[in-house]
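Reviewing the structure listed below.
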Amino acid sequence: MKGRFRFTSLNPFSMNHCTSGFIAWLFGVTGPFLIILQSAAQGQLQPEATSSWVFAVYATGGALTIMLSVLYKQPIAVAFSIPGAVLVGTSLSNHPFNVVIGAYVLTGLLILLLGMVGLVEKLMKSIPLPIMMGMVSGVLLPFGSNVVTSLKDAPLLNGLTLLTFLVLSYFTRWAKRIPPILGAIAVSAVWLIFFGGSPAGEIVFRIAKPHVYSPAFDWSTVGELVIPLAMTVIAVQNAQGIGVLRGDGYEPPVNAMTRWSGIGSLANALMGAHSACIAGPMTAILTDEKNGPKEHRYLGSIVMGALWVLFGLLAPMAVLLTDSIPASLIKLLGGLAMIGVLVNSLQMSFSAGHKLGALFAFMITLSDITLFRIGAPFWGLAGGIVFSFILEKQDWRKINIKAVVTK
7 MKGRFRFTSL NPFSMNHCTS GFIAWLFGVT GPFLIILQSA AQGQLQPEAT
57 SSWVFAVYAT GGALTIMLSV LYKQPIAVAF SIPGAVLVGT SLSNHPFNVV
107 IGAYVLTGLL ILLLGMVGLV EKLMKSIPLP IMMGMVSGVL LPFGSNVVTS
157 LKDAPLLNGL TLLTFLVLSY FTRWAKRIPP ILGAIAVSAV WLIFFGGSPA
207 GEIVFRIAKP HVYSPAFDWS TVGELVIPLA MTVIAVQNAQ GIGVLRGDGY
257 EPPVNAMTRW SGIGSLANAL MGAHSACIAG PMTAILTDEK NGPKEHRYLG
307 SIVMGALWVL FGLLAPMAVL LTDSIPASLI KLLGGLAMIG VLVNSLQMSF
357 SAGHKLGALF AFMITLSDIT LFRIGAPFWG LAGGIVFSFI LEKQDWRKIN
407 IKAVVTK
(Lines of atoms letter the chains of each structure in order from A; the text may use other names.)
(Lines give C-alpha, C1' and ligand atoms only; values in the text may rest on other atoms or scores of the structure.)
Protein backbone atom coordinates (compact mmCIF):
# COMPACT_ATOMS: atom_id res chain seq x y z
CA MET A 7 0.00 0.00 0.00
CA LYS A 8 2.98 2.25 0.46
CA GLY A 9 3.22 4.95 -2.19
CA ARG A 10 -0.29 4.23 -3.41
CA PHE A 11 -1.56 7.81 -3.15
CA ARG A 12 0.52 9.94 -5.48
CA PHE A 13 -0.53 13.12 -7.25
CA THR A 14 0.37 11.82 -10.69
CA SER A 15 -2.25 13.98 -12.35
CA LEU A 16 -0.04 17.01 -11.79
CA ASN A 17 3.02 15.47 -13.42
CA PRO A 18 2.17 16.46 -17.02
CA PHE A 19 1.96 20.15 -16.07
CA SER A 20 4.90 22.05 -17.53
CA MET A 21 6.24 25.53 -18.17
CA ASN A 22 4.97 25.25 -21.75
CA HIS A 23 1.41 25.05 -20.47
CA CYS A 24 1.92 28.16 -18.33
CA THR A 25 3.45 29.97 -21.29
CA SER A 26 0.72 29.05 -23.79
CA GLY A 27 -1.98 29.91 -21.24
CA PHE A 28 -0.35 33.26 -20.54
CA ILE A 29 0.05 34.12 -24.25
CA ALA A 30 -3.57 33.15 -24.96
CA TRP A 31 -4.67 35.29 -22.01
CA LEU A 32 -2.49 38.22 -23.11
CA PHE A 33 -3.92 38.04 -26.62
CA GLY A 34 -7.48 38.19 -25.31
CA VAL A 35 -7.08 40.98 -22.77
CA THR A 36 -5.51 43.54 -25.07
CA GLY A 37 -7.08 44.18 -28.48
CA PRO A 38 -10.44 42.47 -27.78
CA PHE A 39 -10.66 44.28 -24.44
CA LEU A 40 -10.13 47.64 -26.11
CA ILE A 41 -12.91 46.84 -28.61
CA ILE A 42 -15.32 46.44 -25.70
CA LEU A 43 -14.21 49.77 -24.26
CA GLN A 44 -14.69 51.43 -27.65
CA SER A 45 -18.18 49.97 -28.06
CA ALA A 46 -19.14 51.00 -24.51
CA ALA A 47 -17.94 54.55 -25.24
CA GLN A 48 -19.87 54.54 -28.51
CA GLY A 49 -23.02 53.64 -26.59
CA GLN A 50 -22.21 56.21 -23.87
CA LEU A 51 -22.52 53.57 -21.12
CA GLN A 52 -21.94 54.51 -17.51
CA PRO A 53 -18.66 53.29 -15.92
CA GLU A 54 -20.48 50.74 -13.75
CA ALA A 55 -22.19 49.25 -16.82
CA THR A 56 -18.87 49.01 -18.67
CA SER A 57 -17.20 47.39 -15.65
CA SER A 58 -20.04 44.86 -15.38
CA TRP A 59 -19.73 44.08 -19.11
CA VAL A 60 -15.99 43.45 -18.83
CA PHE A 61 -16.37 41.35 -15.68
CA ALA A 62 -19.08 39.20 -17.28
CA VAL A 63 -17.28 38.28 -20.50
CA TYR A 64 -13.98 37.46 -18.79
CA ALA A 65 -15.24 35.78 -15.62
CA THR A 66 -17.85 33.71 -17.48
CA GLY A 67 -15.40 32.85 -20.25
CA GLY A 68 -12.70 31.85 -17.79
CA ALA A 69 -15.00 29.64 -15.73
CA LEU A 70 -16.36 27.89 -18.84
CA THR A 71 -12.84 27.47 -20.24
CA ILE A 72 -11.72 25.64 -17.11
CA MET A 73 -14.88 23.54 -16.90
CA LEU A 74 -14.99 22.42 -20.56
CA SER A 75 -11.23 21.84 -20.78
CA VAL A 76 -11.20 19.63 -17.68
CA LEU A 77 -14.40 17.82 -18.67
CA TYR A 78 -13.32 16.98 -22.23
CA LYS A 79 -9.52 17.05 -21.78
CA GLN A 80 -9.22 19.40 -24.76
CA PRO A 81 -7.89 22.99 -24.92
CA ILE A 82 -11.26 24.73 -25.33
CA ALA A 83 -10.95 28.49 -24.91
CA VAL A 84 -14.22 30.31 -24.21
CA ALA A 85 -14.29 34.06 -24.71
CA PHE A 86 -16.67 36.53 -26.33
CA SER A 87 -17.58 37.43 -29.89
CA ILE A 88 -15.18 40.14 -31.10
CA PRO A 89 -17.25 41.03 -34.23
CA GLY A 90 -20.27 40.88 -31.93
CA ALA A 91 -18.72 43.56 -29.72
CA VAL A 92 -18.27 45.79 -32.77
CA LEU A 93 -21.86 45.16 -33.87
CA VAL A 94 -23.20 45.94 -30.39
CA GLY A 95 -21.41 49.29 -30.31
CA THR A 96 -23.50 50.51 -33.22
CA SER A 97 -26.74 49.22 -31.68
CA LEU A 98 -26.02 50.82 -28.31
CA SER A 99 -25.77 54.19 -30.00
CA ASN A 100 -29.27 53.76 -31.49
CA HIS A 101 -31.19 51.71 -28.90
CA PRO A 102 -31.69 51.85 -25.11
CA PHE A 103 -29.38 49.63 -23.08
CA ASN A 104 -32.18 47.48 -21.60
CA VAL A 105 -33.62 46.52 -25.00
CA VAL A 106 -30.13 45.63 -26.25
CA ILE A 107 -29.87 43.35 -23.20
CA GLY A 108 -33.20 41.80 -24.26
CA ALA A 109 -31.62 40.99 -27.63
CA TYR A 110 -28.67 39.42 -25.76
CA VAL A 111 -31.09 37.16 -23.88
CA LEU A 112 -32.88 35.99 -27.04
CA THR A 113 -29.53 35.38 -28.75
CA GLY A 114 -28.42 33.16 -25.86
CA LEU A 115 -31.70 31.21 -25.99
CA LEU A 116 -31.37 30.70 -29.76
CA ILE A 117 -27.78 29.42 -29.47
CA LEU A 118 -28.76 27.12 -26.60
CA LEU A 119 -31.69 25.72 -28.61
CA LEU A 120 -29.49 25.00 -31.65
CA GLY A 121 -27.03 23.18 -29.39
CA MET A 122 -29.77 21.11 -27.80
CA VAL A 123 -31.28 19.88 -31.09
CA GLY A 124 -27.83 18.94 -32.45
CA LEU A 125 -28.04 20.72 -35.81
CA VAL A 126 -24.68 22.45 -35.43
CA GLU A 127 -22.72 19.22 -34.97
CA LYS A 128 -24.34 17.62 -38.02
CA LEU A 129 -23.52 20.70 -40.08
CA MET A 130 -19.90 20.84 -38.95
CA LYS A 131 -19.34 17.14 -39.66
CA SER A 132 -20.65 17.58 -43.21
CA ILE A 133 -18.04 20.25 -44.03
CA PRO A 134 -14.84 18.75 -45.52
CA LEU A 135 -11.84 19.35 -43.26
CA PRO A 136 -9.66 21.03 -45.97
CA ILE A 137 -12.34 23.70 -46.56
CA MET A 138 -12.71 24.34 -42.85
CA MET A 139 -8.93 24.56 -42.46
CA GLY A 140 -8.79 26.95 -45.43
CA MET A 141 -11.09 29.26 -43.47
CA VAL A 142 -8.98 28.83 -40.33
CA SER A 143 -5.81 29.59 -42.29
CA GLY A 144 -7.39 32.79 -43.59
CA VAL A 145 -8.19 33.82 -40.02
CA LEU A 146 -4.70 33.03 -38.71
CA LEU A 147 -2.56 34.36 -41.58
CA PRO A 148 -2.92 38.06 -40.59
CA PHE A 149 -1.70 37.15 -37.10
CA GLY A 150 1.32 35.45 -38.64
CA SER A 151 2.09 38.43 -40.85
CA ASN A 152 2.08 40.60 -37.73
CA VAL A 153 5.49 39.10 -36.93
CA VAL A 154 6.87 41.10 -39.87
CA THR A 155 4.74 44.25 -39.71
CA SER A 156 5.27 44.73 -35.97
CA LEU A 157 8.98 45.35 -36.56
CA LYS A 158 8.36 48.69 -38.27
CA ASP A 159 6.21 49.98 -35.38
CA ALA A 160 8.77 49.41 -32.62
CA PRO A 161 12.04 48.23 -34.22
CA LEU A 162 14.14 48.08 -31.05
CA LEU A 163 11.64 46.44 -28.69
CA ASN A 164 10.09 44.06 -31.19
CA GLY A 165 13.39 43.35 -32.93
CA LEU A 166 15.02 42.36 -29.64
CA THR A 167 11.98 40.23 -28.73
CA LEU A 168 12.07 38.43 -32.09
CA LEU A 169 15.85 37.94 -31.87
CA THR A 170 15.46 36.34 -28.44
CA PHE A 171 12.84 33.96 -29.82
CA LEU A 172 15.08 32.96 -32.76
CA VAL A 173 18.19 32.45 -30.62
CA LEU A 174 16.37 30.25 -28.11
CA SER A 175 14.74 28.30 -30.96
CA TYR A 176 18.13 27.73 -32.63
CA PHE A 177 19.81 26.31 -29.54
CA THR A 178 17.61 23.30 -28.89
CA ARG A 179 19.12 22.57 -25.47
CA TRP A 180 18.06 26.00 -24.27
CA ALA A 181 14.64 25.64 -25.90
CA LYS A 182 13.94 22.49 -23.89
CA ARG A 183 14.51 24.37 -20.65
CA ILE A 184 13.16 27.78 -21.62
CA PRO A 185 10.34 27.91 -24.19
CA PRO A 186 11.43 30.47 -26.82
CA ILE A 187 8.19 32.41 -26.53
CA LEU A 188 8.63 32.66 -22.75
CA GLY A 189 12.15 34.01 -23.21
CA ALA A 190 10.79 36.57 -25.68
CA ILE A 191 8.15 37.65 -23.14
CA ALA A 192 10.76 38.00 -20.40
CA VAL A 193 13.05 40.17 -22.53
CA SER A 194 10.17 42.42 -23.65
CA ALA A 195 8.96 42.75 -20.04
CA VAL A 196 12.41 43.86 -18.87
CA TRP A 197 12.56 46.40 -21.70
CA LEU A 198 9.13 47.81 -20.80
CA ILE A 199 10.03 48.09 -17.10
CA PHE A 200 13.15 50.12 -17.81
CA PHE A 201 12.19 51.99 -20.97
CA GLY A 202 8.41 51.70 -21.36
CA GLY A 203 7.18 54.10 -18.71
CA SER A 204 5.15 51.54 -16.74
CA PRO A 205 2.17 53.08 -14.90
CA ALA A 206 2.57 50.76 -11.88
CA GLY A 207 2.71 53.68 -9.46
CA GLU A 208 -0.65 55.03 -10.68
CA ILE A 209 -2.67 51.84 -10.23
CA VAL A 210 -5.32 51.81 -7.49
CA PHE A 211 -6.61 48.43 -6.28
CA ARG A 212 -10.24 48.00 -7.32
CA ILE A 213 -12.51 44.98 -7.72
CA ALA A 214 -15.15 44.94 -10.44
CA LYS A 215 -18.75 45.14 -9.25
CA PRO A 216 -21.10 43.32 -11.65
CA HIS A 217 -24.71 44.49 -11.90
CA VAL A 218 -27.81 42.47 -12.74
CA TYR A 219 -30.02 44.12 -15.36
CA SER A 220 -33.66 43.56 -16.32
CA PRO A 221 -34.09 43.06 -20.08
CA ALA A 222 -36.71 44.76 -22.20
CA PHE A 223 -37.74 43.75 -25.70
CA ASP A 224 -38.16 45.75 -28.88
CA TRP A 225 -38.73 44.09 -32.25
CA SER A 226 -36.50 46.48 -34.16
CA THR A 227 -33.60 45.79 -31.80
CA VAL A 228 -34.28 42.05 -31.91
CA GLY A 229 -34.27 42.09 -35.71
CA GLU A 230 -31.07 44.10 -35.81
CA LEU A 231 -29.06 42.03 -33.32
CA VAL A 232 -30.27 38.48 -32.60
CA ILE A 233 -29.56 36.65 -35.89
CA PRO A 234 -26.27 38.50 -36.62
CA LEU A 235 -25.00 37.89 -33.06
CA ALA A 236 -25.95 34.20 -33.20
CA MET A 237 -24.24 33.86 -36.57
CA THR A 238 -21.02 35.46 -35.29
CA VAL A 239 -20.99 32.93 -32.44
CA ILE A 240 -21.86 29.72 -34.31
CA ALA A 241 -20.67 30.24 -37.88
CA VAL A 242 -17.74 32.60 -37.27
CA GLN A 243 -16.18 32.22 -33.82
CA ASN A 244 -17.14 28.65 -32.85
CA ALA A 245 -16.41 27.39 -36.36
CA GLN A 246 -12.84 28.64 -36.03
CA GLY A 247 -12.31 26.88 -32.71
CA ILE A 248 -13.89 23.66 -33.97
CA GLY A 249 -11.72 23.78 -37.10
CA VAL A 250 -8.54 24.28 -35.07
CA LEU A 251 -9.36 21.39 -32.73
CA ARG A 252 -10.26 19.09 -35.61
CA GLY A 253 -7.08 20.06 -37.41
CA ASP A 254 -5.01 19.01 -34.40
CA GLY A 255 -6.66 15.61 -34.16
CA TYR A 256 -9.24 16.31 -31.47
CA GLU A 257 -12.92 15.41 -31.63
CA PRO A 258 -14.48 18.62 -30.31
CA PRO A 259 -17.84 18.26 -28.51
CA VAL A 260 -19.65 20.55 -30.93
CA ASN A 261 -23.11 20.30 -29.38
CA ALA A 262 -21.78 20.86 -25.85
CA MET A 263 -19.67 23.80 -27.03
CA THR A 264 -22.76 25.30 -28.66
CA ARG A 265 -24.97 24.71 -25.62
CA TRP A 266 -22.46 26.24 -23.22
CA SER A 267 -21.98 29.19 -25.57
CA GLY A 268 -25.72 29.74 -25.20
CA ILE A 269 -25.65 29.33 -21.42
CA GLY A 270 -22.64 31.64 -21.16
CA SER A 271 -24.42 34.17 -23.36
CA LEU A 272 -27.44 34.13 -21.04
CA ALA A 273 -25.22 34.63 -17.99
CA ASN A 274 -23.45 37.50 -19.74
CA ALA A 275 -26.75 39.08 -20.75
CA LEU A 276 -27.97 39.37 -17.17
CA MET A 277 -24.83 41.39 -16.40
CA GLY A 278 -25.19 43.61 -19.46
CA ALA A 279 -22.69 41.78 -21.69
CA HIS A 280 -22.91 40.28 -25.16
CA SER A 281 -22.50 36.70 -26.36
CA ALA A 282 -20.01 34.07 -25.21
CA CYS A 283 -18.30 31.84 -27.79
CA ILE A 284 -15.33 29.61 -28.52
CA ALA A 285 -12.21 31.67 -29.25
CA GLY A 286 -10.49 30.48 -32.45
CA PRO A 287 -7.12 32.31 -32.24
CA MET A 288 -6.69 31.57 -28.53
CA THR A 289 -7.58 27.91 -29.07
CA ALA A 290 -4.93 27.89 -31.82
CA ILE A 291 -2.30 29.16 -29.37
CA LEU A 292 -3.22 26.46 -26.85
CA THR A 293 -3.20 23.57 -29.35
CA ASP A 294 0.32 24.25 -30.68
CA GLU A 295 2.35 21.02 -30.75
CA LYS A 296 5.14 22.79 -28.84
CA ASN A 297 2.88 22.65 -25.80
CA GLY A 298 3.58 18.96 -25.35
CA PRO A 299 1.54 15.78 -25.90
CA LYS A 300 -1.93 16.34 -27.29
CA GLU A 301 -3.66 14.80 -24.29
CA HIS A 302 -2.06 17.33 -21.90
CA ARG A 303 -2.46 20.58 -23.84
CA TYR A 304 -5.72 21.34 -22.06
CA LEU A 305 -3.63 22.27 -19.01
CA GLY A 306 -2.64 25.49 -20.78
CA SER A 307 -6.32 26.42 -21.13
CA ILE A 308 -6.76 26.00 -17.37
CA VAL A 309 -4.02 28.59 -16.86
CA MET A 310 -5.70 30.89 -19.36
CA GLY A 311 -9.10 30.42 -17.73
CA ALA A 312 -7.79 31.24 -14.26
CA LEU A 313 -6.08 34.40 -15.55
CA TRP A 314 -9.28 35.22 -17.44
CA VAL A 315 -11.34 35.17 -14.23
CA LEU A 316 -8.71 37.21 -12.39
CA PHE A 317 -8.72 39.80 -15.17
CA GLY A 318 -12.50 40.08 -14.92
CA LEU A 319 -12.29 40.66 -11.17
CA LEU A 320 -9.59 43.30 -11.61
CA ALA A 321 -11.04 44.90 -14.75
CA PRO A 322 -10.92 48.50 -13.43
CA MET A 323 -7.19 48.14 -12.75
CA ALA A 324 -6.53 46.24 -15.96
CA VAL A 325 -7.15 49.28 -18.14
CA LEU A 326 -3.92 50.94 -16.99
CA LEU A 327 -1.86 47.77 -17.41
CA THR A 328 -3.25 47.11 -20.88
CA ASP A 329 -2.45 50.65 -22.00
CA SER A 330 1.20 50.17 -20.95
CA ILE A 331 1.81 47.30 -23.41
CA PRO A 332 2.40 48.39 -27.03
CA ALA A 333 -0.15 46.92 -29.44
CA SER A 334 2.64 45.96 -31.85
CA LEU A 335 4.30 43.82 -29.16
CA ILE A 336 1.05 41.95 -28.54
CA LYS A 337 0.74 41.33 -32.28
CA LEU A 338 4.32 40.05 -32.44
CA LEU A 339 3.93 37.66 -29.50
CA GLY A 340 0.58 36.40 -30.78
CA GLY A 341 2.03 35.81 -34.23
CA LEU A 342 5.03 33.91 -32.86
CA ALA A 343 2.76 31.75 -30.74
CA MET A 344 0.64 30.80 -33.77
CA ILE A 345 3.38 30.01 -36.29
CA GLY A 346 3.20 26.25 -35.75
CA VAL A 347 -0.58 26.19 -35.92
CA LEU A 348 -0.58 28.27 -39.11
CA VAL A 349 1.86 25.89 -40.80
CA ASN A 350 -0.30 22.88 -39.86
CA SER A 351 -3.54 24.51 -40.98
CA LEU A 352 -2.08 25.50 -44.35
CA GLN A 353 -0.73 22.00 -44.85
CA MET A 354 -4.11 20.42 -44.05
CA SER A 355 -5.87 22.86 -46.35
CA PHE A 356 -3.92 21.92 -49.48
CA SER A 357 -2.51 18.42 -48.94
CA ALA A 358 -5.70 16.45 -49.64
CA GLY A 359 -8.90 16.82 -51.68
CA HIS A 360 -11.10 19.91 -51.95
CA LYS A 361 -8.06 22.08 -52.65
CA LEU A 362 -10.00 24.62 -54.71
CA GLY A 363 -12.66 24.87 -52.03
CA ALA A 364 -9.96 25.36 -49.42
CA LEU A 365 -8.33 28.04 -51.60
CA PHE A 366 -11.57 30.00 -52.01
CA ALA A 367 -12.34 29.64 -48.30
CA PHE A 368 -8.86 30.98 -47.59
CA MET A 369 -9.11 33.91 -50.03
CA ILE A 370 -12.62 34.98 -49.03
CA THR A 371 -11.77 34.86 -45.33
CA LEU A 372 -8.58 36.80 -45.96
CA SER A 373 -10.55 39.49 -47.83
CA ASP A 374 -12.21 40.51 -44.53
CA ILE A 375 -15.48 41.09 -46.36
CA THR A 376 -18.65 41.77 -44.33
CA LEU A 377 -22.16 41.20 -45.71
CA PHE A 378 -25.39 41.57 -43.76
CA ARG A 379 -23.24 42.30 -40.70
CA ILE A 380 -21.74 38.81 -40.84
CA GLY A 381 -17.97 38.54 -40.99
CA ALA A 382 -15.63 37.03 -43.57
CA PRO A 383 -15.00 33.64 -41.88
CA PHE A 384 -18.64 32.64 -42.39
CA TRP A 385 -18.61 33.72 -46.03
CA GLY A 386 -15.25 32.01 -46.52
CA LEU A 387 -16.69 28.74 -45.24
CA ALA A 388 -19.89 29.10 -47.28
CA GLY A 389 -18.03 30.22 -50.42
CA GLY A 390 -15.48 27.43 -50.11
CA ILE A 391 -18.26 24.83 -50.00
CA VAL A 392 -20.08 26.35 -52.99
CA PHE A 393 -16.96 26.64 -55.18
CA SER A 394 -15.81 23.16 -54.21
CA PHE A 395 -19.22 21.65 -54.94
CA ILE A 396 -19.19 23.20 -58.43
CA LEU A 397 -15.51 22.71 -59.32
CA GLU A 398 -14.59 19.53 -57.43
CA LYS A 399 -17.41 17.09 -58.01
CA GLN A 400 -15.02 14.15 -57.86
CA ASP A 401 -14.02 14.97 -54.29
CA TRP A 402 -17.65 15.09 -53.17
CA ARG A 403 -18.30 11.74 -54.89
CA LYS A 404 -15.46 10.23 -52.85
CA ILE A 405 -17.13 11.45 -49.66
CA ASN A 406 -20.45 9.88 -50.69
CA ILE A 407 -18.78 6.59 -51.64
CA LYS A 408 -16.89 6.54 -48.33
CA ALA A 409 -20.15 7.16 -46.44
CA VAL A 410 -21.86 4.27 -48.23
CA VAL A 411 -18.93 1.90 -47.56
CA THR A 412 -18.87 2.92 -43.89
CA LYS A 413 -22.56 2.13 -43.54
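The numbers in the sequence shown follow the working numbering, run straight up by one, and end at 413.
C-beta: ideal position from N, C-alpha, C; glycine also.
At a Cβ-Cβ threshold of 9 Å, Leu276 and Val111 count as neighbours. Put simply, the region 387 to 397 touches the region 361 to 373. At least three CB pairs are less than 8 Å apart. The C-beta distance from Pro287 to Phe33 rounds to 6 Å, short enough to fall under 8 Å.
Runs of alpha helix (DSSP H) with 4 or more residues, each lying fully within the region 154 to 221, are found at 161 to 176, 178 to 183, 186 to 201, listed in chain order. By the Cβ test, the region 314 to 325 is in contact with the region 210 to 230, since at least three Cβ pairs between them sit closer than 8 Å. Residue environment for Trp225: exposed (fewer than 16 other C-beta atoms within 10 angstroms of its C-beta).
Annotated as proximal: Ser355 and Gly140, with beta-carbon spacing under 9 Å.
The beta carbon of Ser351 sits closer than 7 Å to the beta carbons of Met139, Val142, Ser143, Leu146, Gly253 from its chain, once the five residues preceding and following it are set aside; these are given in chain order.
According to DSSP, residue pairing for Cys283 in a beta bridge involves Ala85.
The count of Cβ pairs closer than 8 Å, one atom from the region 239 to 256 and one from the region 60 to 70, stays below three, leaving the stretches out of contact. With respect to the C-alpha of Phe86, the residue from Leu125, Ser26, Leu166, Gly311 having the closest C-alpha is Gly311. Within the same chain, Cβ atoms closer than 7 Å to the Cβ of Asn244 are found at Met263, Thr264, Ser267, Cys283, Ile284, the five residues on either side in sequence being excluded. For the 9 Å CB-CB criterion, Leu169 and Phe201 do not form a contact. Straight across, the Cα-Cα distance linking Gly381 with Ala190 is about 33 Å. In this structure the region 92 to 100 touches the region 34 to 54; the number of beta carbon pairs closer than 8 Å is three or more. DSSP lists Ile380 as the bridge partner or partners of Leu377. According to the DSSP assignment, Arg265 belongs to the alpha helix (DSSP H) that extends over 260 to 276.
In this structure Ile199 is exposed. Its beta-carbon is surrounded by fewer than 16 other beta-carbon atoms within 10 angstroms. Counting along the chain, His23 sits inside the alpha helix (DSSP H) bounded by residues 21 to 34. One Cα belongs to Val123, the other to Lys399, and the distance between them is close to 30 Å. Across the structure, Ser373 and Thr227 are spaced so that their CA atoms are roughly 29 Å apart.
Between Ser156 and Leu335, the C-beta spacing is below 9 Å. A direct Cα-to-Cα measurement between Leu313 and Gly270 gives close to 18 Å. In the three-state scheme derived from DSSP, where H, G and I count as helix and E and B as strand, Tyr78 is classed as helix. Non-local C-beta neighbours of Ala181 in its own chain, meaning closer than 8 Å and more than five positions away in sequence, comprise Leu174, Ser175, ordered along the chain. Between the alpha carbons of Gly278 and Arg403 lies a distance of about 48 Å. Here Gly229 is exposed: its Cβ has fewer than 16 other Cβ atoms, across all protein chains shown, within 10 Å. Taking C-alpha positions only, Leu342 is separated from Ile187 by approximately 7 Å. Ranked by Cα distance from Ala222, the first of Ile72, Ile107, Ala195, Leu166 is Ile107. The beta carbon of Tyr78 is closer than 6 Å to those of Pro259 in its chain, skipping five residues each way along the sequence. Met237 counts as buried, since at least 16 other C-beta atoms from the protein chains shown sit within 10 angstroms of its C-beta. For Gly386, the closest alpha carbon among the candidates Ser220, Ile133, Asn152, Phe177 is that of Ile133. Ranked by Cα distance from Leu116, the options Leu272, Leu70, Ala83 are led by Leu272. Here Ile137 is buried, its C-beta having at least 16 other C-beta atoms within 10 Å. Counting along the chain, the unbroken alpha helix (DSSP H) around Ala109 starts and ends at 103 to 123.
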